[in-house]
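What follows is the structure, given as structure tokens:
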């Protein structure tokens with residue numbers, strides 16, 4: 036039963052992700068959704084200009100289809116999928132402005148933050164109405180009541196996760212691979228605890244694997260903000276439904292490191308005029324330090340797997 040709970044969504048998600056991505060690549064090419072590459076980024080990335088972006092549409096379609104096929108529709112699944120799709124739509128609109136309207140930065144930062152916060156609030160209030168304000172501390176197997184800080188905590192978790200995955204999406208196969216491993220971890224935990232969130236995570240892990248068939252180096256398609264925001268928001272919503280919010284920073288430590296590198300870089304430059312890293316997010320620092328793109332991605336995948344094992348060891352069953 037446990038193997039079926041975790042395995043079936045992964046298998047179907049992988050198949051659907053592969054087929055949908057294969058189908059959407061020529062469509063995106065006809066729509067001229069070629070990626071614009073920042074001139075201030077690593078020089079080697081300029082060769083990627085024109086690669087179709089917005090491939091996250093295929094991931095979203097694969098996950099939704101898989102969940103509808105493998106899981107009974109209930110309130111928790113509706114909340115998770117709603118958050119997943121809403122973040123995807125937000126990312127799609129951002130990508131559309133970049134590609135179709137030729138606005139390199141897409142939506143303004145404050146606009147994205149306001150919309151992300153609104154979605155996060157919906158998730159927080161939804162969970163509050165069903166489960167109260169207590170959060171499970173898996174390391175000791177007890178609950179910690181956040182009280183009035185519960186809604187801000189959940190909202191922050193969702194917004195931070197969406198943006199962290201977005202920052203991680205900078206190398207071929209990086210965000211898809213890291214998310215596949217992290218989602219697989221939560222799918223396994225969710226299966227043993229019979230959580231609906233586990234089914235979603237299994238579908239997400241599979242869809243990312245299917246997408247990786249075409250997104251690994253050299254990438255034939257990028258997920259864009261459409262995919263990265265959906266991945267971050269959806270994974271956060273699923274983990275929150277599973278009451279494993281405090282495990283997310285451990286299993287998803289690569290996301291945390293990527294986000295922290297940007298915060299540290301900006302804070303250091305504004306206060307001292309000096310940069311701590313050669314470039315942020317962190318994956319670019321390793322690239323400019325002499326590592327090949329493929330090796331940076333493999334290192335981050337391996338780190339994710341290790342932190343997921345650490346998270347598994349910390350959970351009190």
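Residue numbers (the numbering used here): 36 to 352. Don't be surprised by glycine CBs; every beta carbon is placed ideally from N, CA and C.
Original post:
Between 204, 278 and 97, which lies nearest to residue 240 when the distance is taken from Cα to Cα?
Top reply: Counting from one through the chain shown, the residue named residue 240 turns up at place 205. Cα-wise, what sits closest to residue 240 is 97.
Original post:
Given residue 204, which residues of its chain have a CB within under 7 Å of its CB, disregarding the five upstream and five downstream residues?
Top reply: For the purposes of this step, residue 204 is identified with residue 169 of the chain shown, where counting begins at 1. So the qualifying residues of the chain are 210, 258 and 263.
**OP:** Consult DSSP for residue 3 and reduce its assignment to one of helix, strand or coil.
**Re:** Residue numbering for the chain in the displayed model covers 36 to 352; residue 3 lies beyond these limits and cannot be assessed.
Original post:
Hey, out of 339, 94 and 318, whose CA is closest to residue 235's CA?
Top reply: Working through the chain shown from its first residue, we reach residue 235 at position 200. Ranking 339, 94 and 318 by Cα distance to residue 235 puts 94 first.
**OP:** Quick one: give me the first and last residue of the beta strand (DSSP E) that residue 177 is part of.
**Re:** On the chain shown, residue 177 is found 142 positions in, with the first residue counted as 1. Segment 177-180, the beta strand (DSSP E) holding residue 177.
**OP:** Note down, in chain order, each residue of its chain lying with its Cβ closer than 6 Å to the Cβ of residue 249, except the 5 sequence neighbours on either side.
**Re:** As a first step, residue 249 must be located in the chain shown, where it is residue number 214. 56, 255 and 256.
Original post:
Does the stretch 156-174 come close enough to the stretch 110-127 to have 3 or more Cβ pairs within less than 8 Å?
Top reply: yes
Original post:
Assuming residue 311 contacts residue 299 under a Cβ cut-off of 8 Å, what Cβ separation, rounded to an integer in Å, is found between them?
Top reply: Counted from its first residue, the chain shown places residue 311 at position 276. Counted from its first residue, the chain shown places residue 299 at position 264. Right, their Cβ atoms sit about 5 Å apart.
Original post:
Among 225, 350 and 67, which residue has its Cα nearest to the Cα of residue 353?
Top reply: Shown here, the chain extends from 36 to 352; a query on residue 353 therefore has no answer.
Subject >> Residue from 124, 178 and 166 whose Cα sits closest to the Cα of residue 154 >> reply: Here residue 154 is taken as the residue at index 119 of the chain shown, counted from 1. The shortest C-alpha separation from residue 154 is found at 124.
Original post:
Would you call residue 165 buried or exposed, if buried means 16 or more other Cβ atoms sit within 10 Å of its Cβ?
Top reply: In the chain shown, counting from the first residue as 1, residue 165 sits at position 130. Flag for residue 165 reads exposed.
Original post:
By DSSP, does residue 347 sit in helix, in strand, or in coil?
Top reply: Sequence index remark: in the chain shown, residue 347 carries index 312 (1-based). Here residue 347 sits in helix by DSSP.
Subject >> residue 143 versus residue 64 - alpha carbon distance >> reply: The sequence position of residue 143 within the chain shown is 108, counting from 1. The sequence position of residue 64 within the chain shown is 29, counting from 1. In a straight line, the C-alpha of residue 143 is about 26 Å away from that of residue 64.
**OP:** Within 10 angstroms of the Cβ of residue 104, are there 16 or more other Cβ atoms? Answer buried if so, exposed if not.
**Re:** Counting from 1 along the chain shown, the entry for residue 104 is found at position 69. Residue 104 should be labelled exposed.
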